[in-house]
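**Q**
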DNA sequence: CACCAGGCAAGCC
DNA sequence: GGCTTGCATGGT
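Residue numbers (our numbering): 735 to 1022.
Here you go:
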């Protein structure tokens, strides 16, 4: 990767294993929106960003090299060698196809608190509505971010959300999940924070997360994978269940069996495998 | 009108 | 323990 600063934009050249459509459409994040010109605009870590790609050149608009180093380099997981991961996963014929299909997927390193709330909202919900609820929440009580002449909103703090209470967040129409969001905010105002979880391994971090009402097995695994760098985490949702059953089993299996099978099969690369499979299952219509 | 959506908790046995 | 059911809301 080579970085040059042109006007106020950062231009990254010779970028490998990186495709914005793959990254933003594989279901890991909810705050990026495609523009008419093909670029994406989103907010992460209280910073807005417009980003576009043409082949192996990626442009970050109106962004300083400091913000790239402090925020976006880690957010887009540039430290990880995806070529190597795909090579290893390709030993399995199904993953060979899935990694070719979702060639430019990367797992974003997302904010913990935002991830907790986002995946609480994801339960028994569909992706367009998850995005809408999160966006409304940010507009309701996030801080204004002025960027390229437009106003965007940061993800609200636990304190801010908690101060509104269940009735206060009613406008976001989260339905039965509203009480879970408020109780999660309490945890993050008291016992929980980033530093606390950094000390814990996969199993104990999962146990702690599941103390929160609204966080079960699958939601916890998503948070571990997307915000806590537990790349062995293999979240099993309905799509993953279908795709694993389709390729590796003759008939329907329980979630527990799917999860155990996949974790043993993919090991420390489980999270990457899960993302390639999820994208493959959803985008490549294979009769699932 | 049913049925479903990146599940979960509570209530049963 | 495992299994069933209700859950808010919006889209088909």
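We treat Cβ as the ideally placed atom computed from N, Cα and C, and that holds for glycine.
Owing to the predicted nature of the structure, the values given are computational and were not obtained by experimental measurement.
How far does the beta strand (DSSP E) with residue 743 in it reach, from first residue to last?
**A** Taken as a continuous stretch (DSSP letters only), the beta strand (DSSP E) holding residue 743 covers 743-747.
**Q** Would you kindly work out how many angstroms separate the C-alpha atoms of residue 891 and residue 847, rounded to a whole number?
**A** In a straight line, the C-alpha of residue 891 is about 8 Å away from that of residue 847.
**Q** Look up residue 917 in the DSSP assignment and say whether it is helix, strand or coil.
**A** Correct three-state label for residue 917: helix.
**Q** Residue 1011 and residue 832 look like a contact to me (Cβ under 8 Å); what is the Cβ gap, rounded to whole Å?
**A** Yes, residue 1011 and residue 832 are in contact; Cβ-Cβ is about 5 Å, under 8 Å.
**Q** What's the gap between the Cα of residue 922 and the Cα of residue 941?
**A** Taking the straight line from one Cα to the other gives about 15 Å.
**Q** If I follow the unbroken beta strand (DSSP E) through residue 757, where does it start and stop?
**A** Where residue 757 is concerned, there is no enclosing beta strand (DSSP E), although the alpha helix (DSSP H) it sits in stretches over 754-759.
**Q** Under three-state DSSP, which class holds residue 808?
**A** Note: residue 808 maps to helix in three-state DSSP.
**Q** Give me, in chain order, the residues of the same chain whose beta-carbon lies closer than 7 Å to that of residue 984; leave out the 5 immediate sequence neighbours on both sides.
**A** Hits under 7 Å: none found.
**Q** Closer than 6 Å by C-beta to residue 887: which residues in its own chain qualify, once you throw out the five before and the five after it? Chain order, please.
**A** The answer, listed in chain order, is 872, 873 and 876.
**Q** Taking Cβ positions, are residue 850 and residue 929 nearer each other than 7 Å?
**A** Contact flag unset, no.
**Q** Let me know the secondary structure DSSP gives residue 1009 once reduced to three states.
**A** Residue 1009: helix per DSSP, three-state reduction.
**Q** Quick check: the Cα distance between residue 826 and residue 899, rounded to an integer number of angstroms?
**A** Distance between the alpha carbons of residue 826 and residue 899 is about 48 Å.
**Q** Could you tell me the boundaries of the alpha helix (DSSP H) in which residue 777 lies?
**A** Counting along the chain, residue 777 falls outside any alpha helix (DSSP H), though it belongs to the beta strand (DSSP E) covering 774-778.
**Q** Drop a sphere of 10 angstroms on the beta-carbon of residue 901, count the other beta-carbons inside from all chains shown, and report buried for 16 or more, exposed for fewer.
**A** By the neighbour-count rule (16 or more Cβ atoms within 10 Å), residue 901 is not buried but exposed.
**Q** Secondary structure at residue 984, three-state DSSP: helix, strand or coil?
**A** Here residue 984 sits in coil by DSSP.
**Q** Smallest Cα separation from residue 714: which of 809, 804, 817 and 949?
**A** This structure cannot settle anything about residue 714, because the visible part of the chain is limited to 735 through 1022.
**Q** Compute the beta-carbon to beta-carbon distance between residue 709 and residue 975, rounded to the nearest angstrom, for a pair I have assumed lies under 8 Å.
**A** Outside the displayed span of the chain (735 to 1022) sits residue 709, for which this structure offers no information.
**Q** Mind reading off the beta-carbon distance from residue 795 to residue 882? Whole number of angstroms is fine, and I expect it under 8 Å.
**A** Contact holds; Cβ gap of about 7 Å.
**Q** Would you mind reading off the limits of the alpha helix (DSSP H) that contains residue 819?
**A** First-last of the alpha helix (DSSP H) with residue 819: 816-823.
**Q** Measure the alpha-carbon distance for residue 935 versus residue 843 and round it to whole angstroms.
**A** For residue 935 and residue 843, the distance between alpha carbons rounds to 17 Å.
**Q** Measure the alpha-carbon distance for residue 879 versus residue 766 and round it to whole angstroms.
**A** Using only the alpha carbons, I get a separation of about 15 Å.
**Q** Quick one: give me the first and last residue of the beta strand (DSSP E) that residue 846 is part of.
**A** That residue, residue 846, is in no beta strand (DSSP E); its alpha helix (DSSP H) goes 846-856.
**Q** For residue 786, write down the residues that DSSP places opposite it in a beta bridge.
**A** BP columns for residue 786 point to 793.
**Q** Quick check: the segment 777-797 against the segment 812-822, are there 3 or more CB pairs under 8 Å?
**A** Segments in contact, no.
**Q** Taking the alpha-carbon positions, what's the residue 809 to residue 946 distance?
**A** Distance between the alpha carbons of residue 809 and residue 946 is about 25 Å.
**Q** Quick one: what's got a C-beta closer than 7 Å to residue 801's C-beta in the same chain, skipping five residues either side?
**A** Within the same chain, residue 801 has close Cβ partners 781.
**Q** Here's the rule: buried if 16 or more other CB atoms are within 10 angstroms of the residue's CB, otherwise exposed. What is residue 1005?
**A** With 16 or more Cβ atoms within 10 Å of its Cβ, residue 1005 is classed as buried.
**Q** Between the C-alpha atoms of residue 1015 and residue 1022, what's the straight-line distance to the nearest angstrom?
**A** Rounded to the nearest angstrom, the two C-alpha atoms are 7 Å apart.
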